[in-house]
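Chemist: I have a structure here, written as structure tokens, and I will follow up with some questions on it.
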Amino acid sequence: MHSQNTKSRASLTGPLGWIGSLLQRIPFRRKSASTADEVKKKRRNIAITAIAIGAIAGFIELPMPVDDAFRAVRAELRSHDAPDDIVVVAVDDATLNEIGRDLPTRIQDAEVVEKIFAAGATKLVFDRAYADPATPEEDAALARTFARHKGKVWLGASPAADNGLQKHDGLFPTTKLRHNVEMASMMGNVTPFELSVQFPTETRIGDMPTPSISAVLGDYEGRLHWYRPDFAINPATIETISYADLLFDRLDERRLAGRSVIIGYTDLLTSDLRNLPLGGKVPGVYFHVMGAHTLKNGLPLDLGWIPGLVFVIIIIVFQAKRKKPLPKLAWGGTLALLIAPLAFDYLAINIDSSAAILTLGIATFRLRRLSNQVYHKDTDLILAGAISSGEHSQAQDVYALKIENLGDLTESIEPKQFGTFIERIITCVQQASPSTGADTQVAFEKDTLLWFAQKLDRSELEANSLGLVSVLRNAMTYQGNWANLATTLGVDISYDLPVAQRVQNAIRAAENGTKTSRRFVISDEQFLDERRRYLELLAELNIGMKAETIGVAYQPKIRLANDTVAGAEALIRWHHPELGYVDPFELVTTAEEHDRINELTIYVLDRALGEAKEAVLIDPDFKLAVNFSAQALADEMILHHTPRLLKEHAFPSRNLIIEVTESARLDGKRVNSKIAELREHGISFSIDDFGTGHSSLDYLSRVPCQELKMDRKFVSGMQSSEDNANLVKGTIDMAHSLAKSVVAEGVEDAATANALRNIGCDLAQGYFYSPAISMADITKMIVKRRNAA
Numbered sequence: 001m002h003s004q005n006t007k008s009r010a011s012l013t014g015p016l017g018w019i020g021s022l023l024q025r026i027p028f029r030r031k032s033a034s035t036a037d038e039v040k041k042k043r044r045n046i047a048i049t050a051i052a053i054g055a056i057a058g059f060i061e062l063p064m065p066v067d068d069a070f071r072a073v074r075a076e077l078r079s080h081d082a083p084d085d086i087v088v089v090a091v092d093d094a095t096l097n098e099i100g101r102d103l104p105t106r107i108q109d110a111e112v113v114e115k116i117f118a119a120g121a122t123k124l125v126f127d128r129a130y131a132d133p134a135t136p137e138e139d140a141a142l143a144r145t146f147a148r149h150k151g152k153v154w155l156g157a158s159p160a161a162d163n164g165l166q167k168h169d170g171l172f173p174t175t176k177l178r179h180n181v182e183m184a185s186m187m188g189n190v191t192p193f194e195l196s197v198q199f200p201t202e203t204r205i206g207d208m209p210t211p212s213i214s215a216v217l218g219d220y221e222g223r224l225h226w227y228r229p230d231f232a233i234n235p236a237t238i239e240t241i242s243y244a245d246l247l248f249d250r251l252d253e254r255r256l257a258g259r260s261v262i263i264g265y266t267d268l269l270t271s272d273l274r275n276l277p278l279g280g281k282v283p284g285v286y287f288h289v290m291g292a293h294t295l296k297n298g299l300p301l302d303l304g305w306i307p308g309l310v311f312v313i314i315i316i317v318f319q320a321k322r323k324k325p326l327p328k329l330a331w332g333g334t335l336a337l338l339i340a341p342l343a344f345d346y347l348a349i350n351i352d353s354s355a356a357i358l359t360l361g362i363a364t365f366r367l368r369r370l371s372n373q374v375y376h377k378d379t380d381l382i383l384a385g386a387i388s389s390g391e392h393s394q395a396q397d398v399y400a401l402k403i404e405n406l407g408d409l410t411e412s413i414e415p416k417q418f419g420t421f422i423e424r425i426i427t428c429v430q431q432a433s434p435s436t437g438a439d440t441q442v443a444f445e446k447d448t449l450l451w452f453a454q455k456l457d458r459s460e461l462e463a464n465s466l467g468l469v470s471v472l473r474n475a476m477t478y479q480g481n482w483a484n485l486a487t488t489l490g491v492d493i494s495y496d497l498p499v500a501q502r503v504q505n506a507i508r509a510a511e512n513g514t515k516t517s518r519r520f521v522i523s524d525e526q527f528l529d530e531r532r533r534y535l536e537l538l539a540e541l542n543i544g545m546k547a548e549t550i551g552v553a554y555q556p557k558i559r560l561a562n563d564t565v566a567g568a569e570a571l572i573r574w575h576h577p578e579l580g581y582v583d584p585f586e587l588v589t590t591a592e593e594h595d596r597i598n599e600l601t602i603y604v605l606d607r608a609l610g611e612a613k614e615a616v617l618i619d620p621d622f623k624l625a626v627n628f629s630a631q632a633l634a635d636e637m638i639l640h641h642t643p644r645l646l647k648e649h650a651f652p653s654r655n656l657i658i659e660v661t662e663s664a665r666l667d668g669k670r671v672n673s674k675i676a677e678l679r680e681h682g683i684s685f686s687i688d689d690f691g692t693g694h695s696s697l698d699y700l701s702r703v704p705c706q707e708l709k710m711d712r713k714f715v716s717g718m719q720s721s722e723d724n725a726n727l728v729k730g731t732i733d734m735a736h737s738l739a740k741s742v743v744a745e746g747v748e749d750a751a752t753a754n755a756l757r758n759i760g761c762d763l764a765q766g767y768f769y770s771p772a773i774s775m776a777d778i779t780k781m782i783v784k785r786r787n788a789a
């Protein structure tokens, strides 16, 4: 078999032009402006790009090696024995050893030819050109034999070739032999990596169209066509006879009767060895025979890559019109592209599927990735990131509705119903908000809905925002039950900022509203300034603790019975060189929101224990109070560091009071065990700001403490409000009945101090006695008041 490179016969304007025409008919709607339309455009571009890549890959035969390998696997699955109507006479190693030559002589060839036809063979083909000269006697003997069997003998030939590196004028039988035989083309094309071969049914050699060897053996008389032999024909089952057995009369001649014969070289040193995928190296003569059997079954129809591509175009168009591509459809299409070629192989129809699988893979991967970037995984709602990247008018307000209790509402809902539930909420929003309508595009992420609406003036915006949040609280039923939505609304009106930043601002405004218990928050210039300061404060907090520039001051606690100093409360004081005075509440809130409250608490405790040792030396009964939030108490870090710092500073644990403060409801199960362990070290506990927020009777029942601190708003109002005075007295009486002492905060004048003393209050602190001062001043006050008592 002589190989020769052949150019593709496909026309660029043919398949690509047809596919391009088909792409123009993909029914995508063309709109502009909205995120949904932008996504549709992206899906369309993905489809077009994937199809174009597949078409180009198919046209330039890029996946040919993969198709050839897959074709070989399919052939292995269809493997069957060869028919016995074509016989190979093999010039094998046994023959060459027996005749003692590299090639049989032409006289020996003549003798073998006579025996072949004497045995009843119908035709004989030589897979050899006989272009090499021989002695006149040998040529004459073989020529006479050919003449006796004229019309039944074909000699191999090859056309001229020039590949830039090798050039020859063709291979032809010698002149003496040529007149009494026909010629058969030995040419074939080996595909990349030798994974397949292609034969033409005829080749123009010189000026004459010459049938291929396989066409002669297969009795093919049709038009010129390139085809691939059917590798399902097992070459090991092709009828084969040794040349020597014929030459030396060791063969039953009936094996040749009525059959076509081809003589070829199969010895190990022959140059005509070709790769048979999954079968190793095979002499070229067997490829000609496989080709002949292929043609006997009818010329194979090679549809190539176009049918597979058309099939996946249909799938891709369907997938590209969906918000989320169907994985089962993609896998099903891929499976069909793997199975269908095998089924068509039985019909002698070849379909190449690699270009189609490549196209479907690219489209599916990119459509899936786009879907994950744009749509919520459990719903068809657009994500915040996608709506942020869309085109929106500057003259629009950006809304972020945070559903605070979404987890509770959806706890009993199956994952498949989650999307339906969210869509019901969106419908309520669209109906309740005057600035939205049924066509308003709403995005969803985590627990927040996002949308754009027409710009409103400030007063109208505030009224609509408050109304929307109020209506949503009792606006929806689901599965026959009322769904009370606890929501907070954030609205951004910073029209000059980029869309993505405005969306984030609206989300932060909603989160801020949740933390500060406000129903709606508008993100305006003031809000953004506060946000910038908040971020600066967070960054400086870490720096301040590391550099120990955050100070601690102490406000004394006074025994009302004798006006002596009983202890002091450690308070944060921070004068930043750029931020100025930092409000302690602002600092603590920032630390809590960014999970830095534990570090800040340990920092203050460390500083306070180190400085308060001097006060304990002066007064062994001096009590140092340090504020711990319940959030900090719930952490193992505090449980570890508090005893460590007490030991490190040699500070008596009985002199430490932990004041429990809480901005949110305390989780008793998580905190009580920590409090119990700290009490085992001798540490006392106090409930700060009793009577406000979560520091109530419920708190008192769950936190084991020795002290209550009355909030300043009750204490400062004692002189002007009889109710406040009675409330303070009642609290003191209740605390004493529970064997707890009481500290009154916010004592600003002598009248209040006297009133507290008269109703039995134990301790007091406030500006009447002293603001927060240094520990050195505290020690001076201890000595001074003790001497005056």
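full-length UniProt numbering puts the sequence shown at residues 1 to 789.
A virtual CB, placed ideally from N, CA and C, is assigned to each residue, including glycine.
For residue 563, collect the residues of the same chain with a Cβ closer than 8 Å to its Cβ; drop the 5 residues on either side in sequence, then sort them by chain order.
Modeler: 785, 788, 789
Chemist: Starting from residue 203, follow its DSSP beta bridges and name the residues at the other end.
Modeler: 210
Chemist: Below 8 Å on the Cβ atoms is my contact criterion, and I expect residue 555 with residue 772 to pass it. Report the Cβ-Cβ distance as a whole number of Å.
Modeler: 4 Å
Chemist: In chain order, what residues of the same chain have a beta carbon less than 8 Å from the beta carbon of residue 418, not counting five sequence neighbours either side?
Modeler: Same-chain partners within the cutoff: 378, 379, 410.
Chemist: Looking at C-alpha atoms only, which residue of 648, 635, 685, 644 is the closest neighbour of residue 654?
Modeler: 685
Chemist: Just mark residue 193 as buried or exposed, buried being the case when its beta carbon has 16 or more other beta carbons within 10 Å.
Modeler: Burial call: exposed.
Chemist: Measuring alpha carbon to alpha carbon, tell me which residue in 727, 747, 700, 708 is nearest residue 716.
Modeler: 747
Chemist: I'd like the list of long-range same chain contacts for residue 292, defined as Cβ closer than 7 Å, with 5 residues on each side in sequence excluded.
Modeler: 86, 214, 217, 218
Chemist: Using beta-carbon positions only, say whether residue 674 and residue 625 come within less than 8 Å of one another.
Modeler: no
Chemist: Let's test the definition: count the other Cβ atoms within 10 Å of the Cβ of residue 97 and tell me whether it reaches 16, buried, or not, exposed.
Modeler: exposed
Chemist: Would you kindly report the start and end of the unbroken beta strand (DSSP E) that includes residue 629?
Modeler: 623-629
Chemist: Which complete beta strand (DSSP E) runs does the region 497-561 hold, if anything under 3 residues is left out?
Modeler: 520-523, 551-559
Chemist: Considering only residues of the region 260-293, which uninterrupted beta strand (DSSP E) runs meet the minimum length of 3 residues and lie entirely inside it, listed in chain order?
Modeler: Secondary structure remark: continuous beta strand (DSSP E) runs of at least 3 residues inside the region 260-293, in chain order: 260-265, 273-276, 280-283.
Chemist: How is the beta strand (DSSP E) around residue 125 delimited, first residue to last?
Modeler: For residue 125, the uninterrupted beta strand (DSSP E) run begins and ends at 123-126, by DSSP.
Chemist: For a test of the three-state rule: what should DSSP assign to residue 152, helix, strand or coil?
Modeler: Coil.
Chemist: If you follow the alpha helix (DSSP H) that residue 641 is in, where does it begin and where does it stop?
Modeler: 636-648
Chemist: Measuring CB to CB, does residue 145 end up less than 8 Å from residue 113?
Modeler: yes
Chemist: Can you give me the C-alpha to C-alpha distance between residue 220 and residue 155, rounded to a whole angstrom?
Modeler: Each residue's Cα considered, the two are about 17 Å apart.
Chemist: Roughly how many angstroms separate the alpha carbons of residue 58 and residue 164, rounded to a whole number?
Modeler: 26 Å
Chemist: Is the Cβ-Cβ distance between residue 227 and residue 91 less than 8 Å?
Modeler: No, they are not a contact pair.
Chemist: When the Cα of residue 450 is compared with those of 420, 492, 421, which residue comes out closest?
Modeler: Closest option to residue 450, Cα to Cα, is 492.
Chemist: For residue 724, I'd like the list of residues in its chain whose CB is within less than 6 Å of its CB, leaving aside the five on either flank, ordered along the chain.
Modeler: 714, 717, 718
Chemist: Look up residue 784 in the DSSP assignment and say whether it is helix, strand or coil.
Modeler: helix
Chemist: Would DSSP call residue 182 helix, strand or coil?
Modeler: Annotated three-state conformation of residue 182 is strand, per DSSP.
Chemist: Looking at the unbroken alpha helix (DSSP H) that takes in residue 716, where does it start and where does it end?
Modeler: Here residue 716 belongs to no alpha helix (DSSP H), and DSSP marks it neither H nor E.
Chemist: Can you give me the Cβ contacts of residue 466 inside the same chain, cut-off strictly under 7 Å, excluding the 5 residues immediately before and after it?
Modeler: 519, 520
Chemist: In terms of residue numbering, what span does the alpha helix (DSSP H) encompassing residue 757 cover?
Modeler: 750-758
Chemist: Where do the ends of the beta strand (DSSP E) carrying residue 193 lie?
Modeler: Careful: residue 193 lies outside any beta strand (DSSP E) and carries neither H nor E.
Chemist: Considering only the beta carbon of each residue, do residue 229 and residue 190 sit closer than 8 Å?
Modeler: no
Chemist: So, helix, strand or coil for residue 167, using DSSP?
Modeler: strand
Chemist: Comparing C-alpha positions only, which one of 132, 167, 166 sits nearest to residue 178?
Modeler: Of the listed residues, the one whose Cα sits closest to residue 178 is 132.
Chemist: For residue 94, which residues in the same chain have their Cβ closer than 8 Å to its Cβ, ignoring the five residues on either side in sequence?
Modeler: 242, 244
Chemist: Which residues in the same chain as residue 632 place their Cβ atom closer than 7 Å to its Cβ, once the five residues preceding and following it in sequence are excluded?
Modeler: These residues qualify, in order along the chain: 597, 598, 601, 638.
Chemist: From the DSSP output, in three-state form, read off residue 352 for me.
Modeler: Under the three-state reduction of DSSP output, residue 352 falls in the coil class, being neither helix nor strand.
Chemist: What did DSSP end up calling residue 603 once you bin it into helix, strand or coil?
Modeler: helix
Chemist: If you run the structure through DSSP and keep just helix, strand and coil, what is residue 51?
Modeler: helix
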